[in-house]
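A.B. asks: Taken in sequence, the protein lines are chains A and B.
Under full-length UniProt numbering, the letters of the first sequence match residues 1 to 135, in that order.
Under full-length UniProt numbering, the letters of the second sequence match residues 1 to 485, in that order.
Heads up, the beta-carbon is just placed ideally off N, CA and C, and yes, glycines get one too.
What you are looking at is a predicted structure, and each value in this text was computed from that prediction instead of being measured.
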Amino acid sequence: MSGISPLIDPSLIQTWIVCESDQRWMTASRRFATHLVPAPMTVNLVSAEPNLVRRLLIGKRKAVVLWEIDGSCAARMYDLVASTSLGAPGILQIVAANGITPRDQMALTELGVGAIISQPEQLPGLSNLCLRYFK
Amino acid sequence: MTGDGCLKHPPIFVYLHPVAMASGTKIRSLSRLLDASSAPLWVIGPKGTLIYLSAAVARWLGIDVDVLLDRHCVAGTSISDDPLDFVAASLSPPPGFNERGTASLRVQPPPIDGRKVTPLDVRFVRAGTASDSMTFAIGGQFDDAVADTGGATEVLQAVELRKKLDAWRAHHADIATIATAGVSSQARRMRTKLSVAASTRTHLAFFGPDGSGSLSIAMRVHQQSAPDEPLVRVEGPLMDPELLDATLMTTINQLSESKTTRVTVLVNELDDMPIEAQHRLSELLTTFAPRLRLIGLCTEQPRLLCEPLGESNDDDTISLEPESTIGLHPKLIDVLSTLSVVIDSLASRVEDIPVLATAALDTRRASGDGNAERFGRAALDALIVYPWPGNFEELESSVRHAIAAAPRESIGLEHLPLAIRSFRPGHADATQRPANISLDESVRRYEHKIISEVLEASDNNRAEAARRLGISRARLLRKIDEMNQ
Numbered sequence: 001m002s003g004i005s006p007l008i009d010p011s012l013i014q015t016w017i018v019c020e021s022d023q024r025w026m027t028a029s030r031r032f033a034t035h036l037v038p039a040p041m042t043v044n045l046v047s048a049e050p051n052l053v054r055r056l057l058i059g060k061r062k063a064v065v066l067w068e069i070d071g072s073c074a075a076r077m078y079d080l081v082a083s084t085s086l087g088a089p090g091i092l093q094i095v096a097a098n099g100i101t102p103r104d105q106m107a108l109t110e111l112g113v114g115a116i117i118s119q120p121e122q123l124p125g126l127s128n129l130c131l132r133y134f135k
Numbered sequence: 001m002t003g004d005g006c007l008k009h010p011p012i013f014v015y016l017h018p019v020a021m022a023s024g025t026k027i028r029s030l031s032r033l034l035d036a037s038s039a040p041l042w043v044i045g046p047k048g049t050l051i052y053l054s055a056a057v058a059r060w061l062g063i064d065v066d067v068l069l070d071r072h073c074v075a076g077t078s079i080s081d082d083p084l085d086f087v088a089a090s091l092s093p094p095p096g097f098n099e100r101g102t103a104s105l106r107v108q109p110p111p112i113d114g115r116k117v118t119p120l121d122v123r124f125v126r127a128g129t130a131s132d133s134m135t136f137a138i139g140g141q142f143d144d145a146v147a148d149t150g151g152a153t154e155v156l157q158a159v160e161l162r163k164k165l166d167a168w169r170a171h172h173a174d175i176a177t178i179a180t181a182g183v184s185s186q187a188r189r190m191r192t193k194l195s196v197a198a199s200t201r202t203h204l205a206f207f208g209p210d211g212s213g214s215l216s217i218a219m220r221v222h223q224q225s226a227p228d229e230p231l232v233r234v235e236g237p238l239m240d241p242e243l244l245d246a247t248l249m250t251t252i253n254q255l256s257e258s259k260t261t262r263v264t265v266l267v268n269e270l271d272d273m274p275i276e277a278q279h280r281l282s283e284l285l286t287t288f289a290p291r292l293r294l295i296g297l298c299t300e301q302p303r304l305l306c307e308p309l310g311e312s313n314d315d316d317t318i319s320l321e322p323e324s325t326i327g328l329h330p331k332l333i334d335v336l337s338t339l340s341v342v343i344d345s346l347a348s349r350v351e352d353i354p355v356l357a358t359a360a361l362d363t364r365r366a367s368g369d370g371n372a373e374r375f376g377r378a379a380l381d382a383l384i385v386y387p388w389p390g391n392f393e394e395l396e397s398s399v400r401h402a403i404a405a406a407p408r409e410s411i412g413l414e415h416l417p418l419a420i421r422s423f424r425p426g427h428a429d430a431t432q433r434p435a436n437i438s439l440d441e442s443v444r445r446y447e448h449k450i451i452s453e454v455l456e457a458s459d460n461n462r463a464e465a466a467r468r469l470g471i472s473r474a475r476l477l478r479k480i481d482e483m484n485q
């Protein structure tokens with residue numbers, strides 16, 4: 001087991017919560033999230049139901065929440081994004097949304113969303129944002 | 001009509017047998033109107049070739065459109081290097097058209113004779129069934145264009161990818177090998193450097209991992225920067241000074257005999273070329289400068305271009321640091337530092353993967369390999385998370401596999417190669433390839449481990465350990481001596 005220490009400093013483990021209906025963004029996060037935190041930090045990926053996200057964030061100063069938003073439940077998700085921003089203002093929220101209007105994008109930005117993406121290939125492009133956030 | 005309500009010329013209805021109704025009215029008057037119209041219109045025939053282009057198309061493109069007739073107009077990509085084939089291909093309908101029979105696209109032809117062509121919004125409409133269908137393309141703005149694309153997200157994304165590719169083809173027609181396509185900053189940087197490389201004849205180094213397509217890019221740059229100049233390809237790792245001389249003998253003779261002859265040497269895997277051969281190559285470059293040009297393909301990153309290997313020796317003694325990770329002779333480093341192009345690995349250009357895959361798909365489709373015209377979103381997702389250890393060449397072969405496996409217009413996850421569709425991120429990092437592993441050293445370490453374990457199990461009784469290992473005691477003692485050295 002070369003190169004792997006049996007003891008990992010818990011402060012180096014960053015929580016990355018994915019809240020989606022399928023596995024698409026979890027798969028993408030597994031592939032790219034480790035490159036979005038500065039070394040020697042590592043990522044603990046958690047898939048969560050929308051209403052459990054707040055509970056998972058208790059006691060966390062820094063974490064990433066990736067919300068998948070589609071047209072069917074947009075209003076409810078906007079509420080969750082807003083309440084997360086109010087309850088845990090230090091959390092970096094990323095919204096994965098397809099076909100979102102510029103007006104909705106503006107609204108999400110006002111609600112405290114750090115980035116809005118639509119496809120998994122855009123995830124690595126958030127490296128500057130995430131690296132600055134975790135430093 | 002006359003005052004008494006009777007028709008002055010009563011219509012004559014002539015019954016025609018259905019077989020006799022095979023021809024319509026003459027098209028001459030329509031043709032005149034079409035040519036007089038300001039709206040560009042062209043027609044693609046059942047075989048996918050251009051069969052009609054109106055006068056407005058000629059005005060829009062600025063060429064005599066007769067030269068475009070009968071050229072293939074499919075998949076957005078050319079079937080040859082002929083610039084007119086590129087123009088014809090750019091007039092093809094977007095993905096999703098075959099299924100729906102109608103589509104909109106902003107058509108962006110490549111520059112013609114160095115002159116840019118204004119993009120044009122075009123509505124494509126299919127007439128007829130699959131076997132004898134024709135496609136009518138009409139330039140202009142149509143109000144239903146947004147509604148047309150709104151329903152199918154996948155098709156909409158495919159159309160967006162086609163627009164990106166058309167823009168890339170229009171702006172980089174001279175260096176348009178597929179590997180240079182993309183929207184990432186790495187792709188843009190690479191294209192900028194390639195534009196410089198294509199515009200000047202100078203020594204040139206390409207640094208890219210295996211499978212990055214550097215050879216095809218280098219060939220294209222050579223064609224652009226030194227057209228009609230002979231190119232000699234050399235396999236670097238196979239060379240020694242004598243073999244290099246033998247390989248380049250004709251070239252050397254030509255260069256010696258004529259002071260106007262120019263030749264380019266393209267060395268594959270230059271950083272794996274024996275250092276003596278590199279030394280000889282640098283001598284030839286000095287002797288025949290500037291008429292002998294070097295294009296070197298290297299696999300390692302150009303770290304040492306800024307930090308030369310060791311000290312350059314005045315007495316021409318060849319020196320290479322044993323721990324060097326890149327085997328370039330200092331003189332060659334000097335030569336190649338003029339201009340170098342870095343081709344990043346596909347894993348670091350994730351943003352480009354959909355565009356690259358679509359470009360590769362277009363190429364395969366244009367050459368008649370299959371019917372698929374776009375990737376389904378699940379297939380694109382799988383391509384994105386895959387780490388591509390074989391880089392661009394692996395992507396190309398995967399697309400070739402997928403288009404052969406896909407029976408319809410869209411490539412699904414199930415049509416991708418098993419390695420890609422079964423890849424699960426978060427397990428072993430597939431980008432990690434065993435590199436620089438010494439077989440002898442690995443075997444020696446394994447041997448020492450076994451011997452140590454058997455010795456321990458035998459309470460350090462060497463005769464017993466030799467018996468257990470099935471070797472003679474003398475041989476075991478020699479092995480132990482090696483271990484202790």
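From the beta carbon of A/P89, is the nearest beta carbon of chain B less than 9 Å away?
C.D. replies: By 1-based counting over the first sequence, the position of residue 89 of chain A is 89. Taking Cβ atoms only, chain B never reaches closer than 9 Å to A/P89, which makes this a no.
A.B. asks: What ranges does the beta strand (DSSP E) occupy inside the segment 207–290 of chain B, keeping only unbroken runs of at least 3 residues that lie completely in it?
C.D. replies: List check, beta strand (DSSP E) in window: 231–235 and 263–268.
A.B. asks: By Cβ distance, which residues of its chain are closer than 8 Å to B/R462, with the 5 residues on each side in sequence left out?
C.D. replies: Along the second sequence, read from residue 1 onward, the residue named residue 462 of chain B stands at position 462. L455, R473, L476, L477 and I480, listed in sequence order.
A.B. asks: Chain B beta carbons: is any one of them nearer than 9 Å to that of A/F32?
C.D. replies: Position 32 of the first sequence, counted from the start, is the residue given in the question as residue 32 of chain A. Closer than 9 Å: yes.
A.B. asks: Since B/P425 meets chain A, which of its residues come closer than 7 Å, beta carbon to beta carbon?
C.D. replies: Numbered from its first residue, the second sequence carries residue 425 of chain B at position 425. Under the 7 Å cutoff, chain A gives T27, R30 and R31.
A.B. asks: Measuring only between beta-carbons, confirm whether B/I353 sits less than 9 Å from chain A.
C.D. replies: To locate residue 353 of chain B, count along the second sequence from 1; it is residue 353. For B/I353, the answer is yes, since a Cβ of chain A falls inside 9 Å of its Cβ.
A.B. asks: Among A/D70, A/E49 and A/L131, which one has its Cα closest to the Cα of A/S118?
C.D. replies: Counting from 1 along the first sequence, the entry for residue 118 of chain A is found at position 118. If we check each option's Cα against that of A/S118, A/D70 comes out closest.
A.B. asks: Along the segment 333–352 of chain B, what residues have a CB closer than 7 Å to any CB found in chain A?
C.D. replies: Residues V350 and E351.
A.B. asks: Assuming B/T358 and B/L161 form a contact by the criterion Cβ under 8 Å, report the distance between their Cβ atoms to the nearest whole angstrom.
C.D. replies: The residue given as residue 358 of chain B occupies position 358 in the second sequence. The residue given as residue 161 of chain B occupies position 161 in the second sequence. Contact flag correct, Cβ pair sits at about 5 Å.
A.B. asks: For the alpha helix (DSSP H) that B/Y446 lies in, which residues bound it at each end?
C.D. replies: Here the question's residue 446 of chain B lines up with position 446 in the second sequence. Unbroken alpha helix (DSSP H) run through B/Y446: L439 to A457.
A.B. asks: So is A/L129 in contact with chain B if we call contact Cβ pairs under 9 Å?
C.D. replies: Position 129 of the first sequence holds residue 129 of chain A. Cβ-Cβ to chain B under 9 Å: no for A/L129.
A.B. asks: A/Q105 versus chain B: which residues are under 7 Å apart at the beta carbon?
C.D. replies: What you label residue 105 of chain A is simply residue 105 of the first sequence in a count that begins at 1. In chain order: nothing, as chain B lies at least about 17 Å away.
A.B. asks: Please state the DSSP three-state secondary structure of B/Y386.
C.D. replies: On the second sequence, residue 386 of chain B is found 386 positions in, with the first residue counted as 1. The answer is coil: DSSP assigns B/Y386 none of H, G, I, E or B.
A.B. asks: Look at the alpha carbon of B/P354 and the alpha carbon of A/A88, and state the distance between them as a whole number of angstroms.
C.D. replies: For the purposes of this step, residue 354 of chain B is taken as residue 354 along the second sequence, with counting starting at 1. For the purposes of this step, residue 88 of chain A is taken as residue 88 along the first sequence, with counting starting at 1. C-alpha separation (whole angstroms): 36 Å.
A.B. asks: Can you find at least 3 beta carbon pairs, one from the segment 361–377 of chain B and one from the segment 188–202 of chain B, that sit closer than 8 Å?
C.D. replies: In short, these stretches do not touch, since the Cβ pair count stays below three.
A.B. asks: Measuring straight from C-alpha to C-alpha, what distance separates B/E453 and B/Q485?
C.D. replies: To locate residue 453 of chain B, count along the second sequence from 1; it is residue 453. To locate residue 485 of chain B, count along the second sequence from 1; it is residue 485. Distance between the alpha carbons of B/E453 and B/Q485: 18 Å.
A.B. asks: With a cut-off of 9 Å, does the C-beta of B/P387 fall near any C-beta of chain E?
C.D. replies: Included in the structure are the protein chains A and B, with no chain E among them.
A.B. asks: Could you tell me the alpha carbon to alpha carbon distance between A/I13 and A/A97, rounded to whole angstroms?
C.D. replies: Here residue 13 of chain A is taken as the residue at index 13 of the first sequence, counted from 1. Here residue 97 of chain A is taken as the residue at index 97 of the first sequence, counted from 1. Rounded to whole angstroms, A/I13 to A/A97 spans 27 Å at the Cα level.
A.B. asks: For a contact meaning CB atoms closer than 9 Å, what does A/P120 contact in chain B?
C.D. replies: As a working mapping, residue 120 of chain A is identified with position 120 in the first sequence. The answer, in chain order, is V350, L380, D381, I384 and V385.
A.B. asks: Looking at the structure shown, is B/D314 part of a helix, part of a strand, or coil, going by DSSP?
C.D. replies: Taking the first residue of the second sequence as position 1, residue 314 of chain B is located at position 314. Residue placement at B/D314 is poorly supported in this model, since its pLDDT is 44, which falls under 50; the coordinates still yield a value, given next. Coil.
A.B. asks: By alpha-carbon positions, which one of B/L105, B/L84, B/E99 and B/A103 ends up nearest to B/P111?
C.D. replies: Taking the second sequence and counting its residues from 1, one reaches residue 111 of chain B at position 111. For the residues B/L105, B/L84, B/E99 and B/A103, the minimum Cα distance to B/P111 belongs to B/L84.
A.B. asks: Which partner residues of B/N461 appear in the DSSP bridge assignment?
C.D. replies: Translated into the one-based positions of the second sequence, residue 461 of chain B becomes position 461. BP columns for B/N461 are empty, so no partner.
A.B. asks: Hey, could you find the ends of the beta strand (DSSP E) B/S340 is sitting in?
C.D. replies: For this step, residue 340 of chain B is matched to residue 340 along the second sequence. Segment S340 to V342, the beta strand (DSSP E) holding B/S340.
A.B. asks: Is the distance from the Cβ of B/T264 to the Cβ of B/L231 below 9 Å?
C.D. replies: Within the second sequence, the letter at position 264 stands for residue 264 of chain B. Within the second sequence, the letter at position 231 stands for residue 231 of chain B. Contact flag set, yes.
A.B. asks: Quick check on B/Q157 - is its C-beta less than 9 Å from some C-beta in chain A?
C.D. replies: One-based indexing of the second sequence puts residue 157 of chain B at position 157. Yes - at least one Cβ of chain A is within 9 Å of the one on B/Q157.
A.B. asks: DSSP on A/T42, reduced to helix/strand/coil?
C.D. replies: For the purposes of this step, residue 42 of chain A is taken as residue 42 along the first sequence, with counting starting at 1. Correct three-state label for A/T42: strand.
A.B. asks: How many Å lie between B/R28 and B/P95 at the Cα?
C.D. replies: In the second sequence, counting from the first residue as 1, residue 28 of chain B sits at position 28. In the second sequence, counting from the first residue as 1, residue 95 of chain B sits at position 95. Whole-angstrom Cα-Cα distance: 33 Å.
A.B. asks: Taking DSSP's pairing of strands, which residues face B/T49 in a bridge?
C.D. replies: If you number the second sequence from 1, residue 49 of chain B lands on position 49. Answer is B/H72.
A.B. asks: Between which residues of its own chain and B/C306 is the CB-CB distance below 8 Å, once the five residues before and five after are set aside?
C.D. replies: For this step, residue 306 of chain B is matched to residue 306 along the second sequence. Caution is warranted here: a pLDDT of 40 is assigned to B/C306, below 50, making its placement in the model unreliable, and the coordinate value is therefore given only provisionally. Counting only Cβ-Cβ distances below 8 Å, and skipping sequence neighbours, we find nothing.
A.B. asks: Expressed to the nearest angstrom, what Euclidean distance is found between the alpha-carbon atoms of A/E49 and A/E20?
C.D. replies: Against the first sequence, residue 49 of chain A aligns to sequence position 49. Against the first sequence, residue 20 of chain A aligns to sequence position 20. Approximately 7 Å, taken between the alpha carbons.
A.B. asks: Should B/D121 be counted as a contact of the ligand GDP given a C-beta to heavy atom distance under 8 Å?
C.D. replies: The ligand GDP is not part of this structure, which contains no ligands at all.
A.B. asks: Output, in chain order, the set of chain B residues within a Cβ distance shorter than 7 Å of A/G125.
C.D. replies: Mapped onto the first sequence, residue 125 of chain A falls at position 125. By Cβ distance, chain B contributes E351.
A.B. asks: For B/G390, which residues of its own chain have a beta-carbon under 6 Å away from its beta-carbon, when the five flanking residues on both sides are left out?
C.D. replies: For this step, residue 390 of chain B is matched to residue 390 along the second sequence. Excluding residues within five positions, the ones whose Cβ falls inside 6 Å are G211.
A.B. asks: Compare the C-beta of A/L45 against all C-beta atoms of chain B and say whether one is closer than 9 Å.
C.D. replies: Start at 1 with the first residue of the first sequence, and residue 45 of chain A comes out as number 45. Yes, because at least one Cβ of chain B sits closer than 9 Å to the Cβ of A/L45.
A.B. asks: Does the CB of A/R132 have a neighbour CB from chain B at under 9 Å?
C.D. replies: Here residue 132 of chain A refers to the residue found at position 132 of the first sequence. Not closer than 9 Å to any Cβ of chain B, the Cβ of A/R132 fails to qualify, so no.
A.B. asks: Thinking just about the alpha-carbon of each residue, which of B/R32, B/E464, B/F375 and B/V385 is nearest to the one in B/V399?
C.D. replies: Sequence index remark: in the second sequence, residue 399 of chain B carries index 399 (1-based). Minimum Cα distance to B/V399 is reached at B/F375.
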